[in-house]
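Colleague: Heads up: the sequence lines are chains A, B, C and D, in that order.
Residue 28 in UniProt numbering sits at position 28 of the first sequence, with consecutive numbering throughout.
Residue 180 in UniProt numbering sits at position 180 of the second sequence, with consecutive numbering throughout.
Residue 209 in UniProt numbering sits at position 209 of the third sequence, with consecutive numbering throughout.
Residue 20 in UniProt numbering sits at position 20 of the fourth sequence, with consecutive numbering throughout.
Protein chains: 4
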Amino acid sequence: MSATKQAPLRFSFLGPAGTFTYAALKQVAPPDSIEIPALDVPMALRLVRSGEADYAVVPIENSVEGGVNATLDALTDGSALQIKAEMLVPIAFSLAVRPGTRREDIRAISTHSHAWAQCRGWIAERLGPVVHVPATSTAAGAKTLAESDSPGFEAALCPPATVKLMGLESLSDDVADNPGAVTRFIMVGLPGPQPERTGADKTTLLVQLPHDEAGALLSMLEQFSARGINLSRIESRPIGDSLGRYAFSIDAEGHLCDERIQAVLIGLHRVCPQVVFLGSYPSASGERIRPRPGTSDADFQAGREFVERLLAGRA
Amino acid sequence: MSATKQAPLRFSFLGPAGTFTYAALKQVAPPDSIEIPALDVPMALRLVRSGEADYAVVPIENSVEGGVNATLDALTDGSALQIKAEMLVPIAFSLAVRPGTRREDIRAISTHSHAWAQCRGWIAERLGPVVHVPATSTAAGAKTLAESDSPGFEAALCPPATVKLMGLESLSDDVADNPGAVTRFIMVGLPGPQPERTGADKTTLLVQLPHDEAGALLSMLEQFSARGINLSRIESRPIGDSLGRYAFSIDAEGHLCDERIQAVLIGLHRVCPQVVFLGSYPSASGERIRPRPGTSDADFQAGREFVERLLAGRA
Amino acid sequence: MSATKQAPLRFSFLGPAGTFTYAALKQVAPPDSIEIPALDVPMALRLVRSGEADYAVVPIENSVEGGVNATLDALTDGSALQIKAEMLVPIAFSLAVRPGTRREDIRAISTHSHAWAQCRGWIAERLGPVVHVPATSTAAGAKTLAESDSPGFEAALCPPATVKLMGLESLSDDVADNPGAVTRFIMVGLPGPQPERTGADKTTLLVQLPHDEAGALLSMLEQFSARGINLSRIESRPIGDSLGRYAFSIDAEGHLCDERIQAVLIGLHRVCPQVVFLGSYPSASGERIRPRPGTSDADFQAGREFVERLLAGRA
Amino acid sequence: MSATKQAPLRFSFLGPAGTFTYAALKQVAPPDSIEIPALDVPMALRLVRSGEADYAVVPIENSVEGGVNATLDALTDGSALQIKAEMLVPIAFSLAVRPGTRREDIRAISTHSHAWAQCRGWIAERLGPVVHVPATSTAAGAKTLAESDSPGFEAALCPPATVKLMGLESLSDDVADNPGAVTRFIMVGLPGPQPERTGADKTTLLVQLPHDEAGALLSMLEQFSARGINLSRIESRPIGDSLGRYAFSIDAEGHLCDERIQAVLIGLHRVCPQVVFLGSYPSASGERIRPRPGTSDADFQAGREFVERLLAGRA
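1) Output the distance between the C-alpha atoms of D/A142 and D/G167, rounded to the nearest integer angstrom.
2) Nearest to B/Y281 by CA position, among B/Q262, B/G254, B/G303, B/S296, is which residue?
3) Which residues, in order along the stretch 133-163 of chain D, keep a beta-carbon less than 7 Å from a beta-carbon of chain A?
4) Apart from the five residues on each side of it in sequence, which residues of its chain come closer than 6 Å, Cβ to Cβ, to D/Q194?
5) Determine whether the beta carbon atoms of D/T21 and D/A139 lie at a separation below 7 Å.
6) Find the nearest neighbour of D/A38 within the set D/L218, D/S137, D/A92, D/C119, judged by alpha-carbon distance.
7) Where are the beta strand (DSSP E) runs, 3 residues long or more, that stay fully inside the stretch 60-148 of chain C, in chain order?
8) Taking the Cβ atom as the reference point for each residue, do D/V307 and C/L265 lie within a distance shorter than 7 Å?
9) Got a sec? Which residues, its chain only, sit under 6 Å from B/D174 by beta carbon, not counting five neighbours each side?
10) Use the C-beta contact count for B/L243: other C-beta atoms within 10 angstroms, 16 or more gives buried, fewer gives exposed.
11) State whether the stretch 52-59 of chain A contacts the stretch 245-252 of chain A, with contact taken as three or more CB pairs (one from each stretch) at a distance under 8 Å.
12) Pop quiz: D/V188 and D/V58 are said to be a contact at Cβ under 8 Å. What is the actual Cβ separation, rounded to whole angstroms?
13) Report yes or no: do three or more beta-carbon pairs, one from the stretch 78-89 of chain B and one from the stretch 111-126 of chain B, lie closer than 8 Å?
14) Give the straight-line distance between the Cα atoms of D/P179 and C/V275, rounded to the nearest whole angstrom.
15) Where A/F13 and A/A7 are concerned, what is the direct C-alpha to C-alpha distance, given to the nearest angstrom?
16) Nearest CA to the CA of D/S170: which residue from D/D177, D/V182, D/L157, D/A176?
17) For D/D299, return the contacting residues in chain C, with the cut-off set at a CB-CB distance below 7 Å.
18) Got a sec? Which residues, its chain only, sit under 7 Å from C/L47 by beta carbon, not counting five neighbours each side?
19) Would you identify the three-state DSSP class for D/E235, choosing helix, strand or coil?
20) Within the 7 Å Cβ cut-off, does A/E86 reach chain D?
21) So with CB distances below 7 Å, who are the chain D contacts of A/I234?
22) Strictly under 7 Å for the Cβ-Cβ distance: is C/S303 near chain D by that measure?
23) Compute the Euclidean distance between the alpha carbons of C/R107 and C/R98, then round it to the nearest angstrom.
24) Around the C-beta of C/A70, are 16 or more other C-beta atoms found within 10 angstroms, so that it is buried, or is it exposed?
25) Beta-carbon within less than 8 Å of B/G313's beta-carbon, same chain only, minus the 5 sequence neighbours each way: which residues are those?
26) Just verifying my parser: in three-state terms, what is the DSSP assignment at B/E52?
27) Of the residues that make up the stretch 106-117 of chain C, which ones have a beta carbon closer than 9 Å to any beta carbon in chain B?
28) Of the residues that make up the stretch 264-288 of chain A, which ones have a beta carbon closer than 7 Å to any beta carbon in chain B?
29) So which residues of chain A does D/A70 contact, with C-beta pairs closer than 8 Å?
30) Would you list, in chain order, the members of the stretch 191-203 of chain A that have their beta-carbon closer than 9 Å to a beta-carbon of chain B?
31) What number of angstroms, rounded off, separates the C-alpha of B/S285 from the C-alpha of C/M220?
32) What is the DSSP secondary structure of D/P274, reduced to helix, strand or coil?
33) Below 7 Å between beta carbons: does that hold for D/E61 and D/R184?
34) Under the DSSP definition of a beta bridge, which residues are partnered with D/I186?
35) Under 6 Å: does the beta carbon of B/T198 sit that close to some heavy atom of the ligand ZN?
36) Hey, could you find the ends of the beta strand (DSSP E) D/A247 is sitting in?
Written out as structure tokens, the structure reads:
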């Protein structure tokens, strides 16, 4: 009997290699995975939809690399996708230079515009007036610095792991105006079995409100409240087809295998014109959910048994 | 093979014969039923609990014969009972006299205190000052008038059907200060299969709120609202064991066989310390319930199938 | 200069003297008051409306003497009235007899039907089978027993204070199937300044829901919830003019002088077709209300000052 | 008598000139205004806080130039600011070239990364594989193209108005993968009198939920619902100080001068630990708000008069 070798997994991601998204990818991709950099978030997701990648890694919240609204919209713009995991990456930059460059040599620094916006205070205070040379990613400037003969700048701001990757040196490893910042990334795949329930899970939904109905948002949220479910994120997203209509992108605490999440999905499906299930997955924080009284699986089961007894004519 | 003759049904009721409760009984009891008058509502219900009667007929709302709060309390004070039907009886009295008596002969009138209170204006206007002689029921005065040699009064106020029953004559058949009044009665039996769903049904519940929780009433009502269920009656009833705690006696529109009623029962069972199901039965008004969008059985089934597809890994 | 003697106050009440309502009257009426017994609750209130009485004392909840629904309806059926006080009276009966009568002599007992219903168990257990002779009130049987030569019964069930009033003796002073029962009475007058705020107050309202609006009850209750106000009583009352429409009789915790009660009244007035204010008065329990965070007068004042600063262009 | 010449207004904006933000600025800035380009949104706002600018123009929603989350956060990170106006700018790009350049000459195109992401499909379909050269803004590429001897690219994607500004030519004026896209900008100033009420207004708030309170979001939204106020935008924003706490950035329909908005502000101020008022201003859509029944100023005034009559002792 011969062993069948498993094909390596293919991961698309908001490229190139060396960005924070890439750091998030490294948290979840097995070592032998095939890495497919994509030019933007919609492209990374398209590769999963077309079967050219098994998973995509993209930013979803507070990104220094853009793509957040793009991600929310691209997730539902096309055939069905589901989130399989979320990853947190601390956002601090390294000031990468070629070996031998000193701080006082730096006149221009290359990085992505968002990254620049998050480090400008630090740079101004420590290096004085230097010029920003925009790059297509947080890794692209470092790459150019390493490879080009005349890059036009003396330093690049990039993720710490990228410095060595590019054969550069770091003059500082925690460049950030707002220390402690973290960005959230997600791993996206085709619909299929959910990651197993851990007790510290999240479920992401896109819910559209019915037309013309005042108090519709409150009614929708009552579906969650009636089952004691907290939301960790809610964002209204305009719907293209008409002024003043909104869908809501929601992260709810719980897993599709939790009875209370199933109950809220049935309720939302009943009263909302569209409910898109975007996956249940372990929350990156790992904080266990303590269900409110009356909302555990056992409570739901007891409730159903109560009704079944009544239907059977027993009080 | 010989046919088995079905035993006649036994009905207890807030007696005696000839009252409005008796008129309600006649709406539901087959002609060959055995009628068991009871002295009060708790006794009528006790006869069902003990198996001495199959059903009890008692007033539940706006009664001229008392017993309403008594009924609400007695329904849940003891082993389980369920409401099987409700009946409406228009409340108008006949002014019953012995043959030969004229209006101007009347000096005293006998009837139940509640009945007197509802006719006093009519009497004062048409008969002038006459004395009230209280009786134990709306039929008892008429009975005494018919049977006693010296009843001590010349007339009795009783339900129209009672006049002939007692061999009396009526001087007027619509004595009432508030014409058009109607009283609601219920038929109560042991737990068992519910009356079939008609699309115009009611479900009666007693729901206790959790201790010490502000906004508890609102949370409880959200369970109904989240399933689009209207309430046709709600009454707070103090709970004996502590000042300031309340249970709620509720009539909800719908039948135990409606998915939305099952869903609300599961929800209430989860969050309330006590939920007593007191029966689903056709509403006497016969007005069909038009479920709000998203609350029909088909909507619930579609919602469950949606969740099942997700659990099976299909989007 | 000569002192002006104040005219004595006139109190109508659900008569006659010697009933539990009379005991409630004695809790609030000054010793020199003029007492005007009325035949029923509407009449007692009518005497206040017409100016023939200053106040009326009538039962409002769990009465042994009837009149509760009658009271709720009569309060709003006519010109405006307001509740000025509430009183609690413990419900236990005395078994009154003429001097010399022994328990074993008793064959028939007279009292009001409601009273009889509340003592029947006690009587049956201790006296065996005795006959009930209905009376127009809980005092009337005792009066007849004291005054009539041949009353037709040997005992009467009446309030304890009535025994001596009628010159009778008591064979037992705590006749009751349900010991510890209490009935609530109210003192009603013409609109005018409210009784002073005590911090343990109630406000009684009758609120009509808008026609044809699903979830109307929830919206109405949200007005209370949005100001953190608990309800100690709520009862749906059918409105005569159409099937399926309801008004709600409500006791809310708080006083008209509380900002949160004023705010809820403004809110109800905005969204409900009819709001009848039936008075703010000290609760008989005397239990102090602890306002929920953010609902004290100071919180409302701080909120208004916040808005005034904004309107003045200061942040 | 001599005329006093008014000093020209100073506008900071997310620079440089020629971007979509600049187009938004042109909608509101008088012709003689002083324009102060800022490197990022926090800087643009800082210039207003420091008094170096009277107003700042920055993107607030769906921007192609980034800065949206940055704007939400920067508005409340520092001394008080208020939104004075909002402006909509249609997002379509011009493909700008030096006179004489033809489509087939284009090998590389410069623009801001976000702009590139929104046009890539259009470009790929019509120009085939071309290289993206990132720029610091949607105007910067065009500027370099116009001014540099060897810019390194043959075309730039920029706002239509920028083509002529830079002395370039346009090969197409509606480059966009998603035609009809619109971005929302705001004009921000120091706290002061609000822009006059137009009947088509918005109010922007940042509201923090109380700690540790389940259902807190629902309670907060009930404050809006109890006054019939619709929200046109809601976004949860994590609060730095603790995992799992959220503030909500909200656009509500209505003006600080509307009674219902004042009432909701008082309510929020009472129950939320922090409420930041960020201005009332005419909505760019100009769609008039039709207040729900019972929520007009007249309804609030009638409600207050009702309470005042009660306080004065009149029913």
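By construction, the Cβ of each residue, glycine as well, lies at the ideal position given by its N, Cα and C atoms.
Modeller: Considering the structure as presented:
1) 9 Å
2) B/G254
3) P134, A135, T136
4) L256, S280
5) no
6) D/S137
7) 82-90, 94-97, 108-111, 131-134
8) yes
9) A92
10) The predicted position of B/L243 is uncertain, since its pLDDT is 49 and thus under 50; a value taken from the coordinates is nonetheless stated next. So B/L243 counts as exposed.
11) no
12) 7 Å
13) no
14) 53 Å
15) 19 Å
16) D/L157
17) R270
18) S12, I36, A38, A53, A56
19) strand
20) no
21) I234, S236
22) Reading the sequence as shown, one finds Gly at residue 303 of chain C and not Ser. Yes, its Cβ sits closer than 7 Å to a Cβ of chain D.
23) 14 Å
24) buried
25) none
26) coil
27) H112, S113, H114, W116, A117
28) L265, I266, G267, H269, R270, V271, F277
29) A117
30) P191, G192, P193, Q194
31) 26 Å
32) The residue you asked about is not Pro; residue 274 of chain D is Gln in the sequence shown. DSSP places D/Q274 in strand when its eight states are reduced to three.
33) yes
34) D/V58, D/E86
35) In terms of ligand content, the structure shown is empty, and the ligand ZN therefore cannot be addressed.
36) 246-253
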